[in-house]
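Note that the sequence shown covers residues -27 to -1, 1 to 663 in mature numbering (1 follows the signal peptide of the UniProt record, and there is no 0).
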Amino acid sequence: MRFLRTLLGMGVATACAVAGLPGPAQAADPRTALVVNQSGGQTLGLLAGAFDDSDTEMEATLGAGDDFTLTAHFRQDELHYWNGVRTAPPADETWQEGGVYPATSAGGTSARLSLEADGQTCAGAGKVTVKQVRRDAAGTMTAFAAAYEFRCDGQTGIVDGEIRWNSDLDYVAALYAHTLGFDRVEIGGAPMVQAARFSSRGSTPITFGAASISGADASAFRIVGNDCAGRTLPWGEECTVLVEATTTSTADRTATLHLADDSTYGSRMVDLRVRGYHNGVGSYYPVAPDRLMDTRAGYPNLPSTPIGPGGEVDLQVTGRGDVPAQGVGAVVLNVTVTGPTADGFVTVYPSGEARPTASSVNFAKGWLGSNNVTVKVGSNGRVKVYNRNGATHVVVDVVGYYGGAGAGQGRFESSGSHFHPVQPTRLVDTRTTGGAVPAGGTRRYFVDFGPQLSLRSSALVLNITAVAPEKSGFLTAWSGTTGVPVASTVNYGAGKVVPNLAVVQDNYQCDCGGTYAVPTFSLYSSQNAHVVVDLVGVMAPVESVPNGLRLTPLSPTRLVDSRTGLGTSGALGPKVTRTVTAPPALVTDATRALAMNVTAVAPTEATVLTVWPAGTGLAKPTASNLNPAAGQTVSNAAVTGIGPADAFHAHNHAGSTHLVTDVVGRFDLYPYTVGTGGGFTVLRSGPALG
């Protein structure tokens, strides 16, 4: 009901302002009027405004001992609201013109001052300033004018105003909104500017002075304009004070705007409140896997033929499936190559940009496989898919996106999830535990990072490797909350070792021991295959875990090519670790990780490549990023942390191999959720039993 009352109060004020009601009576005419102003979160429920007997039903009640109550009634259909102000002098006294009386709601030895709103009152204290008293021959009061101010106990808000009863004494009053709300200000974005409007509504013009802001959160607000200062406004004229608000938090920030005036109280006060929201720029948004392109089927609107040498497809990615048409900075694609007629590579890059010296999927003739590709979206919402040599079919599925300009701005739109690096850890290796996943079989696993992250995880960033499958087929990783999705995560050939990076939504329904829920994920294999799963990071909603990272997508940029001496020189021998430093053009002071495509070129033996942060004191993890066979040129997406010197390590396990890395984005620390926590590690993991 209080919300309805607030709306009605606004309606009353608007009616006074625009409904063509008569202006105030001439100064010589006796008048009955009640002015009510309130600020500071006053919760009594009074209707604020200036009310007189020319447009409002006024009721005056005079009791013994100058006990006087003035009530303004508001009726709307069957609804009836009212404001009442009761005043009485101290016991055994009468009101004296010019007197200033300390007052309490109970009265007695002090004056009495109490407020009523629809029968609601509160205990409190204030003062009454008597400006006019008229009496008849019997000493009975016949006219009364006073100013008052009152504060309910336990509240900071002030109610102040004027009382006129049969009085010819002028009063000043202003009509204004007592609260100025900035409901959705983008954290870290441009300030929002709102106007506080003040309209003269007294019997005589009101003069305004300087404006100021006070309160614990005053720094969140700034006065950027004031055309009220020094102006004297006759009845009905308006002036404005412009206030801008910024914030770094979703918590309410409050302050008070003060505008000096020539009323008895001396100023008008407006409660300021700003509430921020996090945009989704650089945050991750998972989507239900959706096929965007399949050259085998001629989809969408393509010839049912492979992409030839030097050929490319300009592919629309925004506005399709669950990817929005706007607010997308980069898309996360699963790109599958099948039946290539020659050794080669595919490059996926932003439409509208020059084709970079970079590759997204590297393959041998006849290869079947896929790679997770994060690619910046062109200004037209498209990406290009380029094939270097021979002819090959290409299948593209979208599995998620990172927000771009405008993401998260809708009132009910999510701010997405942040990336949290975790020390690379092997979660699953069926070669040593559990045995191969049978054809058509499903396995479910859990991972525990401790309650701060485990309870808030929304997705896991996993490197999933199929090892020596009996036949060609595919692996699918998903939350396990539904049946097996149609889309695949890893496509493999018989006997091959094929990795792929995946962002997998997780689930919490698990009998996994411990005292809190932990995230789980499921794996399906279409053929008998061993599976290795390494964890590289976690996604969590923006405000749920501090120190999250956001992606800034970059045009694919070659960082390392050991064949040419870029980044490092010469092939990596057995058990060799190289350190690669990212140039200043690719990183900022806030950069904590890089999104890359890592390629092994012509290894002399089957080997394992591993990347991890340099300069952090971390030993080489047991996890792997790439598992190429001898002579196989193959790539895999990787997300690796960088140390304080913007560097990472790259280690080769066996034989020698050249190394190529292309950077497609950087993960930067988001400054508005910085806090304690982070540095997460895996505490335990294993099969999920329930």
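Even glycine gets a Cβ: it sits at the ideal position worked out from N, Cα and C.
Check                                                                                                          : Outcome
Residue range of the unbroken alpha helix (DSSP H) whose run includes Q93                                      : Element bounds for Q93: n/a, residue is neither H nor E.
Inter-residue Cα distance where the pair is A648 and L148                                                      : Going by the sequence as given, residue 648 is Gly instead of Ala. Approximately 44 Å between the Cα atoms of the pair.
Nearest-angstrom Cα separation, counted from N10 out to R241                                                   : 8 Å
Residue span of the alpha helix (DSSP H) that contains Q382, given as start and end                            : Here Q382 belongs to no alpha helix (DSSP H), and DSSP marks it neither H nor E.
Paired residues, beta bridge with H626 - DSSP                                                                  : Per DSSP, none; premise fails for H626.
Candidates A33, E122, F419, of which the one nearest Q482 by Cα                                                : F419
Local Cβ density within 10 Å of K593, reported as buried at 16 or more and exposed below that                  : exposed
Start-end ranges of the alpha helix (DSSP H) lying completely within the region 279 to 304, minimum 4 residues : none
Proximity winner among I186, G389, V560, V145, relative to F640 (alpha-carbon distances)                       : V560
Where Y645 falls: helix, strand or coil (DSSP)                                                                 : helix
Continuous beta strand (DSSP E) assignments of at least 3 residues falling wholly in the region 334 to 360     : 334 to 336, 341 to 349, 355 to 360
CB of H53 within 8 Å of CB of E30, strictly                                                                    : no
Same chain only: Cβ atoms within 8 Å of D225, ignoring 5 sequence neighbours per side                          : R246, V247, R248
D39, DSSP secondary structure in three states                                                                  : helix
Beta-carbon spacing of R195, R4 below 8 Å                                                                      : no
Cβ-based burial, T488 [other Cβ within 10 Å; buried from 16]                                                   : exposed
Beta-carbon spacing of L275, V290 below 8 Å                                                                    : no
Per-residue DSSP class, three states only, for Q425                                                            : helix
Simplified DSSP state of S658, which is helix, strand or coil                                                  : strand
A327 versus P279 - alpha carbon distance                                                                       : 23 Å
Buried or exposed (CB count within 10 angstroms, at least 16 for buried), E135                                 : buried
Contact between the region 215 to 235 and the region 367 to 383 (3+ Cβ pairs under 8 Å)                        : no
Beta-bridge partners of T552, as assigned by DSSP                                                              : H622
C-alpha gap between V509 and Q382, whole angstroms                                                             : 30 Å
Alpha carbon of T438 to alpha carbon of P394, nearest angstrom                                                 : 20 Å
L341 burial status per 10 Å Cβ neighbour count (16 or more: buried)                                            : buried
Spatial distance of G175 from Y144 (CA atoms)                                                                  : 6 Å
Top-ranked residue by Cα proximity to D2, from S629, H624, L142, H151                                          : L142
Beta-carbon separation (whole angstroms), S256 vs G376, contact threshold 8 Å                                  : 5 Å
Simplified DSSP assignment, three categories, for A120                                                         : strand
Spatially closest choice to Q167 from R204, V214, D200, by CA coordinates                                      : V214
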